[in-house]
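**Q** All residue numbers for the sequence shown refer to this note's numbering, where the first residue is 154 and numbers rise by one. Here a beta-carbon is modelled for each residue, glycine too, at the ideal position from N, C-alpha and C. Dropping the structure in here first, questions after.
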Amino acid sequence: MADHNTPASDVVGVMDALRESTKDMHNETEGHDFQKQLGSGTVRQDRYVAYLGQLYLMHKQLGELLKRAASTDGRVAAVLAPYHSDLSAVSSDLEYFSVAPEGVVPIASTAGLLSYMDELARRSPLALLGFLYVLEGSTNGAKFMAKTLRAGMNLPDDRGASYFDRYGDQQRERWSHFKETMNAQGFNQSEIDAIVAEAKRLFQTFFDIGNELIATSSAVL
Ligand code: HEM
């Protein structure tokens, strides 16, 4: 007879659910023209700088909202690390291109995301972890992208593309730690579903940002 305390075989932890549910979206994002241009270091500089600006805005707002969420939810506090809200790499990359981070203006896709994040933080702050998953997970492929970006755009080792390798030698360790602490929180199914839904939303936004940047003429960026 089945033991009802034993998890059913289709019950998976939050990190397996995130990876499996967003696999197709990851592949589509990876295959997007804009990401391919980034990955091959052939991206137009004005688009690249505009992209860095959007990343800065996203990280800044998410970092602030997660810190607030951590003050009321111990599980968010357990997952959140100080380096998750460290903007120094993306800020110094922007400054390398003579852009002041505080002056960056969101493009439409980012503006939509930022106001959605505010709303989500009021309604379901725990689900913000779905956004953190996408940004943390992206450090896996981005590490290699940093090399091609530097080569293709003739950038120095330490500035211009440092965001993409912001964890340096600690990337694998930090990614493993993120996975472990997420899995250790014992999220229930509806919490997992909410986190997954927000991860999908951020993948979609990356796709939209790529489209928007490619469609925007240099006069506007
Ligand atoms: C040219 C573009 C990209 C390439 C080549 C790439 C490559 C990779 C690779 C190789 C991994 C697996 C690392 C491992 O398991 O050891 C990975 C994981 C991941 N990437 Fe990307 N990536 C790209 C773009 C992106 C973008 C734009 C995002 C999101 C903004 C993203 C989000 C993620 C996430 C969330 C994971 C973790 C998957 C998991 O749960 O195991 N990637 N990527």
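For residue 304, which option in 174, 169, 190 has the closest C-alpha, if you only look at C-alpha atoms?
**A** Checked all of 174, 169, 190; the closest Cα to residue 304 is 190.
**Q** Between the stretch 349-359 and the stretch 174-189, do at least 3 Cβ pairs fall closer than 8 Å?
**A** Yes: at least three Cβ pairs fall under 8 Å.
**Q** So, with DSSP's three-state summary, where would you put residue 160?
**A** Since pLDDT at residue 160 reaches only 43, below the 50 mark, its modelled position is unreliable, and the value read off the structure follows with that caveat. Coil, per DSSP.
**Q** By Cβ distance below 8 Å, which residues in the same chain neighbour residue 293 in space, the five residues on each side in sequence not counted?
**A** Correct list, in chain order: 324, 328.
**Q** From residue 360 to residue 230, what does the alpha carbon distance come to, in whole angstroms?
**A** Spanning the two alpha carbons is a distance of roughly 29 Å.
**Q** When you compare each of 273, 213, 312, 270 to residue 239 by their alpha carbons, which one comes out closest?
**A** Answer by Cα proximity: 213.
**Q** Under three-state DSSP, which class holds residue 212?
**A** Residue 212 falls in the helix class under three-state DSSP.
**Q** Taking only the alpha-carbon atoms, compute the straight-line gap between residue 326 and residue 367 and give it to the nearest angstrom.
**A** Those two C-alpha atoms are separated by around 34 Å.
**Q** Considering only heavy atoms of the ligand HEM, does any lie closer than 7 Å to the CB of residue 334?
**A** Checking the Cβ of residue 334 against the ligand HEM gives no.
**Q** Measuring CA to CA, which of 254, 308, 221, 195 is closest to residue 275?
**A** Taking only the C-alpha atoms, the option nearest residue 275 is 221.
**Q** Is residue 287 buried or exposed, if buried means 16 or more other CB atoms sit within 10 Å of its CB?
**A** Per the 10 Å Cβ criterion, buried.
**Q** Is it buried or exposed for residue 209, if we count other Cβ within 10 angstroms and need 16 for buried?
**A** The residue is buried, with at least 16 neighbouring Cβ atoms inside 10 Å.
**Q** Which residues in the same chain have their Cβ closer than 7 Å to the Cβ of residue 187, if we skip the five residues on either side of it in sequence?
**A** Around residue 187: 363, 366, 367.
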